[in-house]
Every structure is written in structure tokens, then in C-alpha cells.
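Peer 1: Numbered by full-length UniProt numbering, the letters in the sequence shown go through residues 1 to 281 in order. Before we start, here is the structure in question, set down as C-alpha cells.
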Amino acid sequence: ATPVRKYCGSSTPAPITITGQQYVYIQFSTDGSVQRSGFRIRYTISGPSDCDQLNLGGAPGSTGLIKSPNYPDNYPKNIECKYRVNSGSSSNWISLYFLAFNVEPNTQCRFDYLQVFNGPTTILGSIGKYCGSTNPSTITRTTSYMSMKFKTDGSVTRSGFNVRYSITGSYYPSSGTISSPSYPANYHNNAENSYVIKPPGATRIQLVFTNFILEGSEPSCQYDSVTIKRGTTHGTQLDKFCGTKSASFTRTYTATQLTLMFKTDRSIVRSGFRCVYSRYN
């Protein structure tokens, strides 16, 4: 490894920030003579928030729930969570339905708030900023992405929100990638997402799981699971997976449409899954 800094003496060094690295090594070396009291270092690690969910969405027909952390219990203080829903095409529609909403009220939503954006980031294209205890009206846009930011301050907390997203439209990609909502970070408790897979012209569809680590064991999969159904969520169940799978775990189905349903319970979480799908005729 390339040394970043080297210190000695009795002056406290200025704070140092290292970016773009998974690991930082600190080496302490002494000789055979003079001794001193040494050092004490406080370190912090930052990166994407562990409440972010940036892999939501899918082809038309896909749905899921977005919940504030700890919902229906009170959300934590001093958090900032980001959520991103991808419809797969700028000609498809994303709708947000507010099933429950209870966020610290303020006339300008200065304390705790949920802000919705038309686009892939939470910087530009604000649709609205919401707080209080009244469910916001349904939001629908023709767009590739819709994003949300949930931010809280250090005082009052409430039960938060429960939002259902749905994708409608007519554009279905011939291949693509599906992953658990927070992948590669651990997924969240009480998740409920369904992803429609409908490659145009397909008579067989191949799923390749490049990573798969869920709580539970087959065949019961009573805790967290991925269920494959032919057609819609009401179709015939073809498979149900949980536990840990080897890399490139592959399944091929005779079907024109599949629905992948991801569901978790309220306790243990794992890193989840990443699935590459394609037409396999």
C-alpha cells in the first residue's frame, strides 16, 4: 500500500479524510530506546446511508412498498434516506400511492420531511415536499426515474410513511438486471417487491443469479424468499429460493412472462440478490 501520511512528535495532526478505499491500514513502529504515551485516534466511516433503497422499480406491472425506517414504529432522529424507482423507459409511468403518512408537522416542512423528485437524483426536479399527518395525493409521472429523500432532525419523531410504487406502460426490455432494493448493502426488514420480466418475443426466459444470500433454508423459506411465478403475481409458482446460492446460479423457464417476488420478515437481513434476465429462445 502507498503511505498517505507519516507522523511523530507531540503535535496532534490535523484530521485526514481518505476517499475511494475499502480499507485503511495504520502501522505503528517503535525502536529500542525512548518511550512516550502514544496516541489515540477516533475514526468514522461514511458512504451511502444504510437506509437508502436505490434499486426499486422494474418493467410495467412491477410494484413494491417504500417504508420509513422502523415503520410502523417511529423513525430515527438525524437520518437522510434516499429512494429511487426505475421504470425502464421514459415512456413508462411511475405512480406513488401514499398508504400512510405521519411526519413531524411544520408549515414549511423545515424539520422532518419527505421530498419527491422527477428524475434519478434528489437534487433537481422537485415535485413536492411533504410533512404532517395527511396522506399526500397520488403522484404519477411519465418518466424513467422518480426519487425521494426522507430527512429528519434531532427532536420529534413520528411513525413515518408507507408508500406503494407501481410501474405502468408498454415498454419491456429484452434483457436487464434485477436486484434487492438496497443491493449490495443488506436488504431491509418487511420488504415486499414484485418485478415483472417480459422480454418481447420470448418463449423461454433465463435467470442468472450472480449473487444470492437470503435468510432461511429451503424448501420452507419461511423467513425471507424469492418466489418465481409464471405470468403475474397470481400465476403458477415455479420456484421459491432462499439461503445461499453459488455464483451464477441459473434457471430457465418456458414462459412469455415471469414475476419475481421478493419478501422479507421483520428480523435478520442479508446482502440479497442480483439477477440478470434475458430472452432464451
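Even for Gly, the Cβ is constructed at its ideal location relative to N, Cα and C.
#1: For A100, which residues does DSSP report across the bridge?
#2: Which first and last residues belong to the beta strand (DSSP E) in which R274 is found?
#3: By how many angstroms is the C-alpha of F101 removed from the C-alpha of P136?
#4: With 16 other CB atoms within 10 Å as the buried threshold, where does A14 fall?
#5: Less than 8 Å separating the beta-carbons of Y280 and I197?
#6: I'd like to confirm the pairing. Which residues does DSSP put opposite N190 in its beta bridges?
#7: If we ignore side chains and look at the alpha-carbon of each, how far apart do I123 and S29 end up?
#8: Could you tell me how far apart the beta carbons of N189 and S267 are, in whole angstroms, since I believe they sit closer than 8 Å?
#9: To which residues of the same chain is I41 closer than 8 Å at the C-beta, ignoring the five residues directly before and after it?
#10: Count the other CB atoms, across all protein chains shown, that sit within 10 Å of the CB of Y43; report buried if there are 16 or more and exposed otherwise.
#11: What are the boundary residues of the beta strand (DSSP E) that E80 is part of?
#12: Three or more beta-carbon pairs under 8 Å between the region 102-114 and the region 165-172, yes or no?
#13: Thinking just about the alpha-carbon of each residue, which of L56, G216, L54 is nearest to the one in D265?
#14: How big is the Cα-Cα spacing for T142 and A59?
#15: Would you please state the rounded distance, in angstroms, between the beta carbons of residue 282 and D153? I believe it to be under 8 Å.
#16: Considering only the alpha carbon of each residue, which of V24, G125, K82, S144 lies closest to residue 282?
#17: If we require 3 or more residues per run, which beta strand (DSSP E) segments fall completely within the region 180-257?
#18: So what's N70 in DSSP terms, helix, strand or just coil?
#19: Based on the DSSP secondary-structure assignment, which residues constitute the bridge partners of K77?
#20: Less than 8 Å separating the beta-carbons of G160 and S68?
#21: Excluding the five sequence neighbours on either side, which residues of its own chain have a C-beta within less than 7 Å of the C-beta of K245, listed in chain order?
#22: Pick helix, strand or coil for V24, following the three-state DSSP scheme.
#23: As a quick exercise: from Y97, T157, S179, pick the residue whose alpha carbon is nearest that of I139.
#24: So the candidates are L56, T17, Y7; which of them puts its Cα closest to the Cα of G38?
#25: Are the CB atoms of E218 and G235 within a distance shorter than 8 Å?
Peer 2: Concretely, from the data shown:
#1: Its beta-bridge partners are N162.
#2: Secondary structure note for R274: its beta strand (DSSP E) is the uninterrupted segment 272-279.
#3: The alpha-carbon of P136 is positioned some 8 Å away from that of F101.
#4: Its Cβ having fewer than 16 others within 10 Å, A14 is exposed.
#5: When the beta-carbon positions are compared, Y280 and I197 stay at least 8 Å from each other.
#6: Among the bridge pairs identified by DSSP, N190 is matched with none.
#7: Note on geometry: alpha-carbon atoms of I123 and S29 lie some 46 Å from one another.
#8: Contact between N189 and S267 is confirmed by a C-beta separation of about 7 Å, below the 8 Å threshold.
#9: So the qualifying residues of the chain are I26.
#10: With fewer than 16 other Cβ atoms from the protein chains shown falling within 10 Å of its own Cβ, Y43 counts as exposed.
#11: Start and end: 80-86.
#12: Output reads no: the region 165-172 does not touch the region 102-114.
#13: Put simply, of L56, G216, L54 the residue whose alpha carbon is nearest the alpha carbon of D265 is G216.
#14: If you draw a straight line from the Cα of T142 to the Cα of A59, it comes to about 13 Å.
#15: The first residue shown for the chain is 1 and the last is 281, placing residue 282 beyond what the model contains.
#16: No statement about residue 282 is possible, as the shown extent of the chain runs from 1 to 281 and does not include it.
#17: Listed in chain order, they are 192-197, 204-213, 225-230, 237-241, 249-254.
#18: In this structure, N70 counts as coil in the three-state DSSP scheme.
#19: DSSP, once it has assigned bridges, lists no residue as partnering K77.
#20: Note that the C-beta distance between G160 and S68 is below 8 Å.
#21: F209, F212.
#22: Here V24 sits in coil by DSSP.
#23: Checking every option, the nearest Cα to that of I139 belongs to Y97.
#24: The residue among L56, T17, Y7 with its C-alpha nearest the C-alpha of G38 is Y7.
#25: Their beta carbons are not under 8 Å apart, which means G235 does not touch E218 by this criterion.
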